[in-house]
Amino acid sequence: MSGIPQALDAIPVLGILFQFLGYVVANITFMSNTTVAVAVPIALAALCGVMCERSGVVNIGLEGIMLTSAFVGWITGVVAVGILGPSTPLPLFGITLPLLIGLVAALLAGMLVSLLHAWLSISLRVDQIISGTIINIGAAGITGYIYSLVAAQSPVGAGQFSHYQVPKDVAAFPIVGWLINAVLSQGPIGIATIFIVVVLQVMLFRSRWGLRTRAVGEHPHAAETVGINVIWLRYRNVVMSGALAALGGAWLSMEAGNKFDTNLTQGRGFIGLAAMIVGRWTPLGAFGAALVFASATGLSTSLQISPPQGDLGSLMARVPGEFWEALPYIITIVILAGFIGRSIAPAADGQPYERESAS
Amino acid sequence: MKGLARTLKRVFGTAARPLAESLVAIVLALAIGAVLIAVFSGLLPGHSAFDLGLPYAAYAALLEGVLSLNGMTATLVYATPLILTGLGVALGFKAGLFNIGGRGQFLMGAVGALAVATVVGQSQSSYITIPLALLAGALFGAAAGFIPGALKATSGAHEVVTTIMLNYIFVFTTYWAISGPLALPGSPQAISVDVTTRNAALPIILGRDGHLGILVALLAVPLVWFLLYRTTLGFEIRAAGANPDAARYGGMRTNRLIVLTMSIAGLLAGLAGATTILGVVHQVAPGYDTTVGFEAITVALLARSNPIGVVFSGLLLGAMRAGAQSMQIQAGVPPELVDALQAIILLLLVINVLRRWLAGRSNGQRSAPAATVGLAQAAEGAQ
Chain A
2 MSGIPQALDA IPVLGILFQF LGYVVANITF MSNTTVAVAV PIALAALCGV MCERSGVVNI
62 GLEGIMLTSA FVGWITGVVA VGILGPSTPL PLFGITLPLL IGLVAALLAG MLVSLLHAWL
122 SISLRVDQII SGTIINIGAA GITGYIYSLV AAQSPVGAGQ FSHYQVPKDV AAFPIVGWLI
182 NAVLSQGPIG IATIFIVVVL QVMLFRSRWG LRTRAVGEHP HAAETVGINV IWLRYRNVVM
242 SGALAALGGA WLSMEAGNKF DTNLTQGRGF IGLAAMIVGR WTPLGAFGAA LVFASATGLS
302 TSLQISPPQG DLGSLMARVP GEFWEALPYI ITIVILAGFI GRSIAPAADG QPYERESAS
Chain B
4 MKGLARTLKR VFGTAARPLA ESLVAIVLAL AIGAVLIAVF SGLLPGHSAF DLGLPYAAYA
64 ALLEGVLSLN GMTATLVYAT PLILTGLGVA LGFKAGLFNI GGRGQFLMGA VGALAVATVV
124 GQSQSSYITI PLALLAGALF GAAAGFIPGA LKATSGAHEV VTTIMLNYIF VFTTYWAISG
184 PLALPGSPQA ISVDVTTRNA ALPIILGRDG HLGILVALLA VPLVWFLLYR TTLGFEIRAA
244 GANPDAARYG GMRTNRLIVL TMSIAGLLAG LAGATTILGV VHQVAPGYDT TVGFEAITVA
304 LLARSNPIGV VFSGLLLGAM RAGAQSMQIQ AGVPPELVDA LQAIILLLLV INVLRRWLAG
364 RSNGQRSAPA ATVGLAQAAE GAQ
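See the structure below:
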């Protein structure tokens, strides 16, 4: 139990840690670009969750909302291209009219599915988890059904939004150039996400709407006594938040790619749910958690493309790729189990609200 | 409708209302499904838009697929994992726990069975390998259920979130296992061993592909029923689900109950995974996944968490899966329709149940149907 052998044991660990840091710095440009892009749909789903749960409605239907919007956006684009014919994209973001129509349709679809969740969980007071489960199963079934009918005709989509090209001089700027490049070298939805995060964070903690939302999520009866319409506020938040998850869905089918596929979301809604919890129900925290989760993907992609040399290389080669994919979920469970610090959900989260009789 | 309910009540006693509610939901969902088929019929080659003949053709093909001899065994084969996992979910509902982890528990059961087939199968006869593989599947599944149970008991981490997260962790664990320790030696691509070459394939007891797992599922039903209604543990599970505070004041160790219930639920889902791998799939490649975990929620809700009811709802969903194939082959209607139908059935069920709940009929308030209680409990459990 003497300290010296232990200290000696620690040296290679430290060495590998330095090697790892060196590797990350060397590959930061590539990794940060991947990370920010992967984080966008996760963050948008998480923001939808934050808005819902802050006002007291649990939403595990994020996955279904995203999937529906991704599909509706894509298929509307297909129909719009069929009617309007091909159009020349604008230089900025490669915007075309069919793409815009698709995006609007995606947002409306997301809000419509959210309205179903709101109606079930707020008005009918159905168990919110069952309501979310119904949305997830139904979205997978109905989009899968129509898609397999449509796919046989190999339809032409409306294309995809293109990325903003950061000027070379800015990207080459020392120290911060890579960061600016990573954040801004994205399509319109990706860039909008960063603004939405900031705006929502300020709104939630500095505006009247934010105060009311948090009050309704923590103690709806007290909120009602000071004249806040709990039911209406919850409806509004859930339906509006649907547009955020819808944006994430549209990102998948119209910005990251230009096609739909069965189960296109692949669990991103559930990672979003995890990011919301790890981020402690705050927009900034959720975005940060989404970035951390996405950086695991960024790192594993980078490790495959340019594997590190030396001791670090042989160590990393032993870590199976599945570990990196599972890491976000492991982190979430560790945080939930309270090893890092308990995340406390809004007090009235998941509880249906019943107005006291007005006698 | 009322007359029918009354007649049914005389026949089935207290089960009449839930039964009638479920039947109404199923019939209505099929009608909505028919509308869905008709609306999108124009997308199928050779059909005009709003072709009213197509839903008829699709459902006829579905029925034909179920009622043929092969269709009936297929129904049983599809129903086997649904019944086993559904029993686990139902048991959770009874205890006030919402187990969404069926997917991960199923996959861990599959890994357990594959592990035995890989390690033991080459040197032992099937009389030793098969029981060992089923046991390992059950134990792996139980371990997968134990984790969220223990997390909830020790730290209060909500089981809905932890089971969803664990689902993904177990999916990746499975891929890692079949491309690493359980990989077929000498194979160029990552794939597990084939259990038929390792004396681990379940014997066929019925028709073309009705495997022994069907018996396992049918045997599990009375066991779970007995556990729930004839043992102290079952009483405590139901008591803790109905009112956790009262159960705690009554001296029950509710944390122990949570861990036990989740472990048993995992054990059942693990058995579902093991029987599916040993009886149907035989060899697992990366990308293998299951929808049984989510469908089991439909099964349990449709059955109002009643173990006997689970047999019927499991058979119903199994029949829909079996019929979906012939529906696709004969009428060209994609099998995803079955998933859509499931969601619609559930939706109609919760709406119907709630209308009754809100109406607060004089006799309906106290003797609420089991599912209403289950739903209310799950709602309480959600916080």
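Keeping their order, the protein sequence lines are chains A and B. When we follow our numbering, the leftmost residue of the first sequence carries the number 2, and every step to the right adds one. When we follow our numbering, the leftmost residue of the second sequence carries the number 4, and every step to the right adds one. Using N, Cα and C, we set each Cβ at its ideal position, and we do this for glycine too. If you're wondering where the values come from, they're calculated on a predicted model, not measured in any experiment.
If you measure from the beta carbon of L337(A) to each beta carbon in chain B, is any gap under 8 angstroms?
-> yes
Give the single residue among V38(B), D54(B), G74(B), G115(B) whose Cα lies nearest to the Cα of I280(B).
-> G115(B)
Using alpha carbons as the reference points, say which of A60(B), L66(B), L94(B) lies closest to R307(B).
-> L94(B)
For D342(B), decide whether its Cβ has a neighbour in chain A, counting only Cβ atoms nearer than 8 angstroms.
-> yes
Supposed contact pair V199(A) and Q129(A) - C-beta distance, whole angstroms, cut 8 angstroms | With 8 angstroms as the limit, Q129(A) and V199(A) do not qualify as a contact, their Cβ atoms being about 28 angstroms apart.
Can you have a look at L265(A) and say buried or exposed, based on whether 16 or more other CB atoms are within 10 angstroms of its CB?
-> buried
Enumerate in chain order the residues of its own chain whose CB-to-CB distance from T165(B) is below 6 angstroms, with the five nearest sequence positions on each side excluded.
-> P151, L154
Anyone know if the C-beta pair for L337(A) and I278(A) falls short of 8 angstroms?
-> yes
Simplified DSSP state of H164(A), which is helix, strand or coil = coil
Report yes or no: is there a C-beta of chain A within less than 8 angstroms of the C-beta of P337(B)?
-> yes
Exposed or buried, H222(A), counting other C-beta atoms within 10 Å across all chains shown (16 or more means buried)?
-> exposed
Please state whether DSSP places A141(A) in a helix, a strand or coil.
-> helix
Whose C-beta lies closer than 6 angstroms to the C-beta of Y354(A) among residues of the same chain, with five residues either side of it excluded?
-> P221, V231
Run of the beta strand (DSSP E) containing I208(B), from where it starts to where it stops | 207 to 209
Please name the residue in L91(A), D350(A), Q154(A), V320(A) whose C-alpha comes closest to that of L46(B).
-> Q154(A)
Within 8 angstroms (strictly less), CB to CB, does I181(B) reach chain A?
-> no
Report all residues from its chain with a CB closer than 6 angstroms to the CB of L108(A); omit the five preceding and five following residues, and keep chain order.
-> A244, A247
For T264(B), which of F101(B), A77(B), V219(B), Y252(B) has the nearest alpha-carbon?
-> F101(B)
If you check the beta carbons only, do C49(A) and S242(A) fall under 8 angstroms apart?
-> yes
Under a three-way DSSP split, which group does G253(B) fall into?
-> coil
Kindly provide the ranges of any alpha helix (DSSP H) runs that are 4 or more residues long and lie completely inside the region 102 to 149 of chain B, ordered along the chain.
-> 105 to 122
Own chain partners of E162(B) with C-beta closer than 6 angstroms, once the 5 adjacent residues on each side are dropped | L100, P151, K155
Examine chain B for any beta-carbon lying closer than 8 angstroms to the beta-carbon of F271(A), and answer yes or no.
-> yes
For my contact list, R235(A) and A119(A) are in at a C-beta cut-off of 8 angstroms; report their separation, rounded to the angstrom.
-> 7 angstroms
Under 8 angstroms between C-beta atoms of A349(A) and S70(A) | no
Identify, in the order they occur along the chain, each residue of the same chain with its Cβ nearer than 6 angstroms to the Cβ of A250(B), setting aside the five sequence neighbours on each side.
-> A242, A243, T257
What in chain B is Cβ-close to L121(A), meaning under 9 angstroms?
-> L350, V353, I354, L357
Chain B contact residues for A141(A), given Cβ-Cβ distances below 9 angstroms = T294, F297, E339, D342, A343, A346
Based on the DSSP secondary-structure assignment, which residues constitute the bridge partners of A186(B)?
-> S195(B)
N-terminal and C-terminal residue of the alpha helix (DSSP H) that H222(A) is part of | 221 to 226
How should I167(B) be labelled, buried or exposed, when 16 other C-beta atoms within 10 angstroms of its C-beta is the threshold for buried?
-> buried
Positions along the region 318 to 335 of chain A whose CB lies within less than 7 angstroms of some CB in chain B = P321, E323, E326, A327, Y330, I331, T333, I334
Quick one: which chain B residues come within Cβ less than 8 angstroms of I278(A)?
-> V164
Straight-line Cα distance separating P329(A) from C53(A) | 22 angstroms
For I65(A), does the three-state DSSP call read helix, strand or coil?
-> As written in the sequence, residue 65(A) is Gly, which differs from the Ile given in the question. Looking at G65(A) - three-state DSSP - the assignment turns out to be helix.
Partner residues on chain A for F43(B), Cβ-Cβ distance less than 8 angstroms = Y146, I147, L150
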